[in-house]
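Take 98 as the starting number for the sequence shown in my numbering and just add one per residue.
Positions of the beta carbon are idealized from the N, C-alpha and C atoms, including for glycine.
These numbers come from a predicted model, not from an experiment.
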Amino acid sequence: MLHIHGLVQGIGFRPFIYKIALNSCIKGYVQNLSDCVVIAAQGKDEDISIFIERIRSEAPVLARIEEITVQEVESEELGEFSIRESEDYTESVTDISPDIAVCELCLKDLKEQPHRVDYPFVNCTFCGPRFSIIKGVPYDRPKTTMAPFRMCPKCAEEYADPSDRRFHAQPLACNSCGPSYTLCMMDGKEITGINEILEATAKMLEKGSVVAVKGIGGFHLACNPFMEEPLRKLRSGKRRDGKPFALMFCDLEALKEYAFVDEEEEKLLLSAVSPIVLLKLCRKMLPGVNSGLNTIGAMLPYMPFHYMLFERLDITALVMTSGNISEEPVVISNSEALETFRGIADAVLCYNRDIYNRVDDSVTAVYAGQVVTLRRSRGLVPSPVNLSQDVDGIVAVGAELKNCFAVGKGNKAILSQHIGDLKNAETLSFFEESLERFRSIYRVDPVLFACDKHPDYLSSIFAHKSGLPVTEVQHHHAHIASCLAEHNIDREVIGVSFDGVGLGDDGAVWGGEFLVCDLVQYRRFTHLRYVNLPGGDRASVEPWRMAAAYLYDIAGEVFSREYGQFFKGVDPQMLEAVGFAMKRKIGCLLTSSAGRLFDAVSALAGICSFNSFEAEAAMRLEGYCDEEKRMNPYDWELRESIDIRPAVRKICEDVFSGVPVPEISGRFHSTIIDIIEKTCLEIRRKTGLDSVVLSGGCFQNRFIFRWAKEQLKKAGFTVYTHSLIPCNDGGIALGQLAVAAGRRSRQCV
Ligand SMILES: [Zn+2]
Ligand SMILES: [Zn+2]
């Protein structure tokens, strides 16, 4: 008997085994169990070893074999090799495959295979929807949203034929038996028939309509990115002031007309994940697309329908932004789409197969040759993270923004898809529903919860309400632990945790932290010098407030008179009120946030005083800095904390004397690198530690990511950064899980 563990279901593994068994003269059977694939193999010894060798060397591209265990058992003569029905009995569960972009062979079938010509849901064992349609394991058709569709005789034949590429492809169907699209106009008129739909949709998009298009894991809102009017309409409808829209290009060539694409980025774009990739523009887009930034998020078609639509379109790209309003979860049901998109979209293009698990597009980028994941969702979830720790029964509920949770099964961490900002009720119910589903699909019986230290996060409240033991993990410790877990490291390291905000042990708002930590505890070595955080959360939306806080720190209460010129466009009364609040210490928390320092500098440099989307000020500041070039850093001092007042003073002088913004931005970015490098050297001198972990949202900044890593390596440190797990709050849950497990193993909880 062979037991094979890993990602071995839903990707054509059993047919593959069947084929090689037949031509290796093996008798017996292969069967999916819920935690692995089992093979009974009978034959000559040498045939069996060749068979096992071939399993390893010829496995399908998408398979990931973690372990093959071989066990000899007595058995009667087995018959011709066969594929047995799944049995659903073990306690643990195997990996569920993420959704996979349509493959080349299927695109060919779309043109040539008689019963699948123009069949917009063509798929096979190598491609198609998976996680988004799965309701339970083992992965078989009745446990997917394909269950209501009865296979026609032709499809049934392919499904049962082990030599066919669609053997046991659960979502398989064809023109006569599968799901179909309907184009619903807002006046109630419906268009059916794929060619009529494509014709009408293409015409509408070209002429400037907005169309809601059902995708794999949720709806997109699509429009023509080369026309002002639909962009304006989409922005106001989505209540999304300035946040850049993602684009889908018809192919790589068309994309390269607008953006630089290097080899690594090309690989990502064309991968089976088919994520959004952040790219640098080489040609301007309309400001309505990306608010004048020098980057865009771009992806290539990944559903058969996308390809078919681009064939009819005379434009080479479409805006394909998440189908939601503001920060609500992406719409997945047809009826909700018709309701929600009234007034935004001119038509809703849907199909009659349900999306069970909502998954947004994943967002990735390549920083200095390394793939980084900024939003981990479609195509990546629910691949587990294998740990050396036992995390069984632990549920980590994540942070408040960019929420994602994690459940522990054995030594695997299974991270949820991107959930979103828990502040609104719809997102919170999405969180609760998904957590329930992960618990049931993976059969996790929670015994321990891990949450953020912040008692008001809805995720923390949820954990405390569970009635089970809860361990609280400080936000910045969780960031570093997340990166430790991603690299499977459990030892003491230097942690540089730079991000927006997270509650600290002293009640202040932390975010520019140098920690010495492992997977159980941490010590705060030093941090950016505290300044006021005027207006709390409002400070992250109005960067001028942070400029005020930093100027107050260098000039005291006369700051608004001495530095009045930095507050053009700010209501003088508001400025007065903020000054008064800082002087009297009314409602002003203290903060060491690195993210807020970027905001302050962006406002001081006259780049951005009011954000129209999250992190705008910092992104625009980064946009002015040449990634290739490190510059002379401004002065700062390491005392009991990191004092950057000398830098802030110099920045103000530079602005006064008209130093160009790119130079100010370049020098400021280089100052952050200088701070990271010198402080790590100091920690190494005092502790002897020479491994540094870089985590937190600030490492989404290309310059900071690249140069921090490069400089530290040059100084002889071993440097760990995130790749598959986001460095932003989307990665917090993994860190919480790892710390909870670390504490449990050392009986600290
Ligand atoms: Zn395929
Ligand atoms: Zn069929």
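With respect to the C-alpha of Gln168, the residue from Val234, Ile136, Met98 and Ile147 having the closest C-alpha is Met98.
Distances taken from the Cβ of Ser273 to the heavy atoms of ligand 2 include one shorter than 8 Å. Bridge pairing for Lys506: Lys509 [DSSP]. Looking at the DSSP output, Ala356 shares a beta bridge with Leu378. Sixteen is the threshold: when 16 or more other Cβ atoms of the shown chains lie within 10 Å of the Cβ of Asp458, as they do, the residue is buried. For Gly599, the uninterrupted beta strand (DSSP E) segment begins and ends at Val590 to Leu600. Less than 9 Å separates the beta-carbon of Ala309 from that of Ala444.
Val655 is the residue among Ser368, Val655, Tyr731 and Leu694 whose C-alpha sits nearest the C-alpha of Gly676.
Three or more beta-carbon pairs drawn from the segment 261–272 and the segment 242–253 are found closer than 8 Å, and the two stretches are therefore classed as touching. Exclusion of the five residues before and after Leu365 leaves Pro372, Val374, Thr461, Val463 and Val468 as the residues of its chain whose Cβ lies within less than 7 Å of its Cβ. The closest heavy atom of ligand 2 lies 8 Å or more from the beta carbon of Ala257. Cβ-Cβ distances below 7 Å link Cys252 to Leu269, Ala270, Cys271 and Cys274 in the same chain, with the five nearest sequence neighbours on each side left out; the list follows chain order. Under the three-state reduction of DSSP output, Gly394 falls in the strand class.
Listed as beta-bridge partners of Trp641 by DSSP are no residues whatsoever.
For Phe148, there is no enclosing beta strand (DSSP E); the residue is found in the alpha helix (DSSP H) stretching over Asp142 to Glu155. Within a 10 Å sphere around the beta-carbon of Glu734 sit fewer than 16 other beta-carbons, which makes this residue exposed.
Collapsing the DSSP output to three states places Trp607 in a strand.
For Glu164, the enclosing beta strand (DSSP E) begins and ends at Arg161 to Val167. Per DSSP, the continuous alpha helix (DSSP H) segment holding Arg534 begins and ends at Ala522 to Ile538.
For secondary structure counted as the beta strand (DSSP E) over 3 or more consecutive residues, the segment 771–845 holds these complete runs in sequence order: 788–792 and 815–817. The shortest C-alpha to C-alpha distance from Asp696 to any of Tyr660, Val598 and Phe113 is the one to Val598. Those residues placing their Cβ nearer than 5 Å to any heavy atom of ligand 1 are, following chain order, Cys200, Cys203, Cys221, Phe223 and Cys224. Remark: the C-beta of Ala270 is in contact range of ligand 2, defined as less than 8 Å to any heavy atom. Secondary structure at Gln670: helix, using DSSP grouped into helix, strand and coil. Pro226 and Ser480 have their C-alpha atoms some 14 Å from each other. DSSP places Leu269 outside any alpha helix (DSSP H), giving it a letter other than H or E. Bounds of any beta strand (DSSP E) do not take in Phe695; it lies within the alpha helix (DSSP H) bounded by Ala691 to Leu701. Each of Glu163, Met382, Leu435 and Arg336 was checked against the Cα of Lys286, and the nearest Cα belongs to Leu435. Beyond the five residues adjoining it in sequence on each side, Ser820 comes within less than 8 Å, by CB distance, of Gln467, Val468, Val469, Thr470 and Glu583 in the same chain, given in chain order. Beta-carbon to beta-carbon, Ile162 and Arg153 are separated by about 7 Å, close enough to satisfy the 8 Å threshold. Only residues of its own chain outside the window of five on either side were considered, and among them Leu519 and Tyr554 have a CB closer than 6 Å to the CB of Glu497, listed in chain order. Counting every other CB atom within 10 Å of its CB across the protein chains shown gives Cys203 a total of 16 or more, marking it as buried. In the three-state reduction of the DSSP assignment, Phe218 falls in the coil class.
In the structure shown, Gln662 falls within a helical segment according to DSSP collapsed to helix, strand and coil. Contact annotation: Ala414 and Leu352 have beta-carbon atoms nearer than 9 Å. About 6 Å separates the CB atoms of Ala395 and Phe346; that is less than 8 Å, so the two are in contact.
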